[in-house]
Amino acid sequence: MDRARRPRRALAIALATLLVPLVVGPVSAAKTPKVDVCHLDQVLGTYSVTTIAVSSLAKHLAHGDGLPGDGTFDENCQPVSPARVFARAFADKNGNHTYDRDADVLFTELVDTNGSDVLDVGDTVRTIEYPVDFIGGSEPYGVEDHVVTDVPAGQGPTAVGVSVDDPAGFTSYTWIRVEIGEAFQEATITGIDITSRFQDLFVSDADKIQMSSLSPSHPADLDIEKPFDGDDGWLEIAIY
Numbered sequence: 629m630d631r632a633r634r635p636r637r638a639l640a641i642a643l644a645t646l647l648v649p650l651v652v653g654p655v656s657a658a659k660t661p662k663v664d665v666c667h668l669d670q671v672l673g674t675y676s677v678t679t680i681a682v683s684s685l686a687k688h689l690a691h692g693d694g695l696p697g698d699g700t701f702d703e704n705c706q707p708v709s710p711a712r713v714f715a716r717a718f719a720d721k722n723g724n725h726t727y728d729r730d731a732d733v734l735f736t737e738l739v740d741t742n743g744s745d746v747l748d749v750g751d752t753v754r755t756i757e758y759p760v761d762f763i764g765g766s767e768p769y770g771v772e773d774h775v776v777t778d779v780p781a782g783q784g785p786t787a788v789g790v791s792v793d794d795p796a797g798f799t800s801y802t803w804i805r806v807e808i809g810e811a812f813q814e815a816t817i818t819g820i821d822i823t824s825r826f827q828d829l830f831v832s833d834a835d836k837i838q839m840s841s842l843s844p845s846h847p848a849d850l851d852i853e854k855p856f857d858g859d860d861g862w863l864e865i866a867i868y
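Shown next, in the form of structure tokens:
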């Protein structure tokens with residue numbers, strides 16, 4: 629080989645060697661998507677923000693990690709305490725008369741969303757599903773949130789009622805559990821009383837499901853009843 633060409637060849641090889649990591653490195657890194665998780669320290673029992681490969685996310689979640697800002701954790705991976713619940717209406721699927729989110733069907737709940745720890749203006753009525761028969765059937769009508777604008781006097785361990793804003797008229801929600809039965813009612817007064825009501829005995833010798841598509845949460849129209857035959861699981865009212 630011509631001696632004049634040897635230095636040029638050596639220089640080209642050296643430059644190629646230097647350029648390889650500059651080109652290959654970033655391309656390889658771009659092929660590994662990352663995601664932040666709230667990583668659980670099994671010893672300390674605390675959580676911290678940790679960046680992991682997306683491909684390992686399922687494994688981390690299975691071991692107790694979570695995602696920032698998912699409702700269980702805030703953006704800094706600090707656990708978020710669930711909001712206090714003042715009342716619920718639900719189908720008691722497992723028959724223990726206690727709400728179990730993994731087994732029961734939640735119809736409505738009254739939630740302390742303003743964080744005051746007392747029932748007051750700014751809390752929220754959530755309507756989710758409604759019963760459609762007396763054997764545990766239900767239909768989802770979409771979660772609708774209604775902000776509490778008034779809390780009338782008379783709240784207590786057996787009855788809770790609130791009012792919410794409604795451009796069409798006065799709207800109220802009531803949860804009742806007493807010795808003669810239990811009931812949930814939502815009603816709007818707009819010249820006529822437009823009501824959806826579920827009752828397990830309560831004020832007559834019958835169980836009733838009465839729903840109007842014109843009532844605040846817009847369920848399907850339904851009006852059925854049956855003779856009262858005890859505290860049935862199709863409707864359970866819990867007041868906390």
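Counting in my numbering, the sequence shown runs from 629 upward without gaps. Glycine included, C-beta positions come from ideal geometry on N, C-alpha and C. This structure is a prediction, so every number in the text was calculated from the model and none was measured.
Using DSSP with H/G/I as helix, E/B as strand and the rest coil, what is A711? coil
Would you kindly work out how many angstroms separate the C-alpha atoms of C666 and A686, rounded to a whole number? Cα to Cα, the separation comes out at about 13 angstroms.
May I ask which residues mark the beginning and end of the alpha helix (DSSP H) holding L842? Careful: L842 lies outside any alpha helix (DSSP H) and carries neither H nor E.
Nearest-angstrom Cα separation, counted from D740 out to G789: 14 angstroms
Are the Cβ atoms of F830 and A717 separated by less than 7 angstroms? Result no, Cβ atoms of F830 and A717 do not sit closer than 7 angstroms.
On the DSSP bridge list, what partners appear for K836? Q827 and E853
Sorted by chain position, which residues of the same chain lie with C-beta nearer than 8 angstroms to G743's C-beta, five sequence neighbours on each side aside? A711
Applying the 10 Å Cβ sphere with the 16-neighbour rule, what's the burial state of P847? buried
By alpha-carbon positions, which one of S684, I680 and L668 ends up nearest to F701? L668
Report back the beta-carbon spacing between E757 and F735 to the nearest angstrom; my notes put them in contact at under 8 angstroms. 5 angstroms
Inter-residue Cα distance where the pair is Q827 and T755: Looking at the two C-alpha atoms, the distance is approximately 16 angstroms.
Pull up the distance between the alpha-carbon of V792 and that of T818, whole angstroms please. The straight-line gap separating the alpha-carbon atoms of V792 and T818 is approximately 14 angstroms.
Could you tell me the alpha carbon to alpha carbon distance between G765 and K662, rounded to whole angstroms? 43 angstroms
For D751 versus V776, is the C-beta spacing smaller than 7 angstroms? Contact flag set, yes.
CB-CB length for V733 against A719, believed under 8 angstroms: 4 angstroms
Does L689 pass the burial test, meaning 16 or more other C-beta atoms within 10 Å, or should it be called exposed? So L689 ends up on the exposed side.
Neighbourhood of A731 by C-beta distance below 6 angstroms, restricted to the same chain and skipping five residues each side: Counting only residues of its own chain and dropping the five nearest sequence neighbours on each side, A731 has a CB closer than 6 angstroms to the CB of K721 and N722.
Please state if the CB of W803 and the CB of I852 are separated by a distance shorter than 7 angstroms. no
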